[in-house]
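Working notes, beginning with the structure itself.
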Amino acid sequence: MGAILTVQGLTRFFGGLAAVTDLSFEVQSGEILSLIGPNGAGKTTVFNLITGTLLPSRGKVLFQGHEITGSRPYESIALGIARTFQTTSLFYDETVADNLIVGFRCRTRMGLWDAVLQTGRCREDERRCRQKAEEILDFIGLGERASELARNIPQESQKRLAIALALITEPKLLLLDEPMGGLTEEENIGMMAVIQKVRARGISILLIEHKMKIVMNISDRIVVINYGEKIAEGPPQEVGNNSAVIEAYLGAGYAKT
Amino acid sequence: MNRRVGKWITLAIVVIAIIIPQVVTNKYYMNILIMSGIWSIVALSLNLILGYTGQVNLAHGAFFGIGAYASALMMLKLNMNFWLALPLAAAVAGVFGFLIGLPALRTRGSYFAIGTLCFNIIVTLIVDRWEGLTEGARGLMGIPGAASIPLPWGGEIVFKTMASQYYLVLFFLVLTIFVLRRIMQSLVGRTFRAIRGNEELAEAVGIHAMRAKLLSFTVSCFFAGVGGVLYASYIGFLSPEITDYHVSFDALIYVMIGGIGTIVGPIIGTLLFVTIPETLQVAAEFRLLLYGLILIVMIIYLPRGIVGWVKDLRGRKRKQEAVWGQS
Amino acid sequence: MVLFFQQLVNGIMLGAAYSLVALGLTLIYGILHIPNFAHGHKYMWAAFTSLFLVVNFHTNYWVSLVIAMVVLGLVGAGVERLVYRPLRDVPHINSFIAAIGLLLALESLSLIFWGADFRRFPTLYDTPIHIFGVAITLQRLLVIVAAALFIVLLQVFIKRTWLGATIEAVAQNPEGAQLVGISIDRVSSLTFGIGTALAAAAATLIAPIFLVYPTMGGMPNLKAFVVIIIGGMGSIPGAVIGGFMLGLIEALGGGYISTDYKDLFAFGALVTFLTLRPMGLFGKGVR
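Quick mapping for you: the protein sequence lines, in order, are chains A, B and C.
The numbering of the first sequence is the working numbering, which starts it at 39 and goes up by one.
The numbering of the second sequence is the working numbering, which starts it at 396 and goes up by one.
The numbering of the third sequence is the working numbering, which starts it at 823 and goes up by one.
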């Protein structure tokens, strides 16, 4: 079907240090592509460069064939790119439901006058938000927790809520930054099922994750980066046997010759 | 609070508010009530940008003053009718809010607070020194009160008595509450709360933070202007002190002590701080000392104000919401 | 031409004063990350303290300066302990509010104790001396010299002593500092104390030039904030350079353009910086 996201020659300097160097890869429409690499390899920086939180020093980002380099985060949402954060980011003082309702705001059009005059558009938009929130809550399995405060729910539910929040913006591409951070074995399996459910909806996924078993299991393809540079790309089996990858993770002594 | 009980209490308060002037004829108390009404409008409008959108605006007094001076000048120098001057002057305050917001809202937290404070100072300085326009420190005198409204069946509503001025202020207070509440409870209000809660995340879910903050700020300044116009016409006299940053601090105190982020909070805070000093009858300095100490103690131990504290006592789980009804 | 040099000298003196006040403020901001709105009112109390000592006890001017620094330093540390420390982990807005409450309390206490009158600070150094046709009183010269001295001393303290190093450590990375055993509580109190003491020094130096009255702290407070925004919040060189920049802008603007609106220059400068470079000269940028 073609690439939904293309990253070309992406480079970012912080002072004299290159966090990402000449990185190029594609996310095919409908696939789950994992971005892996040792700690500090620059993976979250790549996410930030794609969504516009950071500006690239060089290089391009293309979404569905159109260049979007440097668009700001809220513009990315309008285009159809959503993300989660490595440290779970939620509206902690709001309920689970309220978190999601405001997440759908980007797909509504009502403005100040609609609110003051309680126009039809206002009521329609609010109805759509609630409906969508219910739907996503069901999808993600948090229906029971709808009226709990986000700060009071367990960590695994918080991780789910973060994904739900990204999902409710109706993205075509979802960037997940370590969705399984801090979860138990059992919770990992649950989360994996969620991710596969999301893909089944036709949403392409770019995933950062450290848990190798999961990555090998769930990915269609993998891109490996180290010190901001790509060192391998391909289906899980290939990458798993790649000597450069093994060296990067385990050190030179383990590489197969 | 049970929603039905809440509605009955609201009704009771509205009824009391309407019949008060018929029962209380003492001018002194009426004056306190009218001033409370005016300051409540100011506090409620500050609450929108401060409590709901989370930006610490310390220039609110300047916009109050701009609204007051704008309407006074329109009525005195352009012979404009009160009912035309009011929306226009409030709009002037709103426009200033928008223009100041454009550079100021690109900053956050401490920078925004200081920037607005300095803007407040600039306004006070200009009002004080530009004698050609504002009569400077001498002040503007003889500002007309609300003009009478002719009735279709002959006769007119005149705003000369204390009671009628009270109703005028009450009308605008109710209008302000009505409009602000609708905003706060709508998706627009949710957008503001999202920015207060986690601005980075709000942007990450597609909210244009700058636009939302500007909107909140402009509306907030508009209603501050409304308060200013009412003040100018009630008192009949203006001097540059009315734009001073102490006014901004006062509004801040009313909102914080009453209960930030709620509708009732700012009103309670205003009532307390306008009525109690009158009954205490101590020198201004001691009152100021008391305010300062109360503020410090409250912000450490009861940061969400009186209303917040009451809600905590009732074991409410939600943090910030309007008292009457929610999603 | 003489006017230019006269204003230049005035500007340098003003700049020295602003720098000293701003230094205390920027030090405190570096640690606490909140602007201490009440800084100017502690400055005012320092002026009254030294005035009180000099007038009522005929203390030597320099001795009273030191005493004022010590007293206000302790007050500063006390304020940190009682007011700001409980608010360390809650949203910053609460600390602003507390600072405002403190400001009101300090101002009203001053009104109660000293009354609203404007007082003159008696000084031995008000004979003017003439250098290259420019008239300057010894007091003003002293301000410049003393300020320079304090700035140098502060730099030495921060860079060369262990205590100074702990302050830098906490400012840069509170968690890391704690991990190596530095007590954030102690460093916060120390920093607050030093910052307030610097303001006290500035106050005592300047008081003889202008008048002493309870609301005298308001303007220097705001100007100090303008300085640290121009210079970059938390940056010591920024406070110094920003202070002198502001002093010069005010003196030259006031001399050449308008004395009526001279205070506006400060705030005009602020608005410009906030719009174009909000992080100041030495602050760090975003994105």
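Backbone N, C-alpha and C define an ideal beta-carbon position, used for all residues, glycine too.
Bear in mind that the values here come from a model prediction, so they are computed numbers and not experimental data.
N- and C-terminal bounds of the alpha helix (DSSP H) containing residue i
i, result
"I255 of chain A", "Per the sequence shown, residue 255 of chain A should be read as Asn rather than Ile. Counting along the chain, the alpha helix (DSSP H) containing N255 of chain A begins and ends at M250 to I256."
"S886 of chain C", "Y883 to V901"
"E595 of chain B", "L582 to A599"
"V621 of chain B", "A604 to I630"
"A480 of chain B", "F477 to A499"
"C513 of chain B", "G504 to R524"
"P996 of chain C", "P996 to L1001"
"N878 of chain C", "H861 to F879"
"P274 of chain A", "P274 to N279"
For residue i, the nearest candidate out of the options (CA to CA)
i, options, result
"N832 of chain C", "C:L854, C:S872, C:W884 and C:T959", "C:T959"
"G456 of chain B", "B:M605, B:A407, B:I602 and B:V624", "B:V624"
"G1060 of chain C", "C:P996, C:L842, C:S1011 and C:H880", "C:L842"
"T519 of chain B", "B:M651, B:A646, B:E636 and B:T405", "B:E636"
"I411 of chain B", "B:L428, B:I590, B:I602 and B:G462", "B:L428"
"L211 of chain A", "A:E225, A:G278 and A:L100", "A:L100"
"L931 of chain C", "C:V824, C:A1091, C:Y1035 and C:T1094", "C:Y1035"
"A604 of chain B", "B:V614, B:F587, B:L708 and B:P547", "B:F587"
"R585 of chain B", "A:V236, A:E164 and A:H104", "A:E164"
"S1005 of chain C", "C:L985, C:H855, C:A1021 and C:A868", "C:L985"
"I919 of chain C", "B:W403, B:Y686, B:N426 and B:I691", "B:I691"
Under 7 Å by beta carbon: chain A residues contacting residue i
i, result
"A589 of chain B", "F129 and V140"
"M586 of chain B", "For the record, residue 586 of chain B in the displayed sequence is Thr; it is not Met. Going along chain A in sequence order, the residues near T586 of chain B (Cβ under 7 Å) are V140 and R143."
Short Cβ contact (8 Å threshold) for residue i with residue j
i, j, result
"L934 of chain C", "E680 of chain B", "One detail in the question is off: residue 934 of chain C reads as Ile in this sequence, not Leu. Contact flag set, yes."
"I521 of chain B", "L471 of chain B", "no"
"A153 of chain A", "C160 of chain A", "yes"
"Y865 of chain C", "A1025 of chain C", "yes"
"C144 of chain A", "L582 of chain B", "no"
"D258 of chain A", "R121 of chain A", "no"
"T665 of chain B", "W434 of chain B", "yes"
"T502 of chain B", "L926 of chain C", "no"
"A499 of chain B", "G462 of chain B", "no"
"I241 of chain A", "P217 of chain A", "no"
"F554 of chain B", "S440 of chain B", "no"
"V232 of chain A", "R189 of chain A", "no"
"E595 of chain B", "Y112 of chain A", "no"
"V58 of chain A", "L87 of chain A", "yes"
"F644 of chain B", "G492 of chain B", "no"
"G1065 of chain C", "G852 of chain C", "no"
"S872 of chain C", "A1029 of chain C", "yes"
"F1089 of chain C", "I516 of chain B", "yes"
Beta strand (DSSP E) segment containing residue i, residue limits
i, result
"L385 of chain B", "Only positions 396 to 722 of chain B appear in the structure, and residue 385 of chain B is not among them; the question remains open."
"N264 of chain A", "R259 to N264"
"L683 of chain B", "Note, L683 of chain B: premise wrong, no beta strand (DSSP E); alpha helix (DSSP H) at A679 to Y696."
"P950 of chain C", "P950 to I953"
"S195 of chain A", "Run containing S195 of chain A: none in the beta strand (DSSP E); it sits in the alpha helix (DSSP H), Q193 to L205."
"F63 of chain A", "L55 to Q66"
Beta-bridge pairing of residue i - partner residues as DSSP gives them
i, result
"K98 of chain A", "A:Q46"
"S72 of chain A", "A:L245 and A:I260"
"R121 of chain A", "A:L213"
"K14 of chain A", "The shown model of chain A, from 39 to 295, leaves out residue 14 of chain A, and the question about it has no answer."
"T133 of chain A", "A:L187"
"R941 of chain C", "C:V1034"
"I544 of chain B", "B:I552"
"T1113 of chain C", "In the structure as shown, chain C begins at 823 and stops at 1109. Residue 1113 of chain C is therefore absent and cannot be evaluated."
"E162 of chain A", "E162 of chain A is not bridged to any residue."
"F51 of chain A", "A:A56"
"H455 of chain B", "The partner list for H455 of chain B (beta bridge, DSSP) is empty, contrary to what the question assumes."
Interface residues of chain B facing residue i [CB-CB closer than 8 Å]
i, result
"D176 of chain A", "Under the 8 Å cutoff, chain B gives no residues; its nearest Cβ is about 18 Å from D176 of chain A."
"P857 of chain C", "S505, A508 and I509"
"L150 of chain A", "I578, V583, L610 and V614"
"V84 of chain A", "Residues of chain B passing the Cβ test: none, with the nearest at roughly 16 Å."
Contact set between residue i and chain B, taken where Cβ atoms lie within less than 7 Å
i, result
"D1085 of chain C", "L520"
"D163 of chain A", "L582"
Under 8 Å by beta carbon: chain C residues contacting residue i
i, result
"M651 of chain B", "I919"
Neighbour list for residue i in chain A, Cβ cutoff strictly below 8 Å
i, result
"G592 of chain B", "F129, Y130, D131 and E132"
"L497 of chain B", "Near L497 of chain B there are no residues of chain A at all, since even the closest Cβ is about 17 Å away, more than 8 Å."
Chain B residues whose Cβ lies nearer than 9 Å to that of residue i
i, result
"R96 of chain A", "Chain B residues near R96 of chain A: none, gap ~24 Å exceeds 9 Å."
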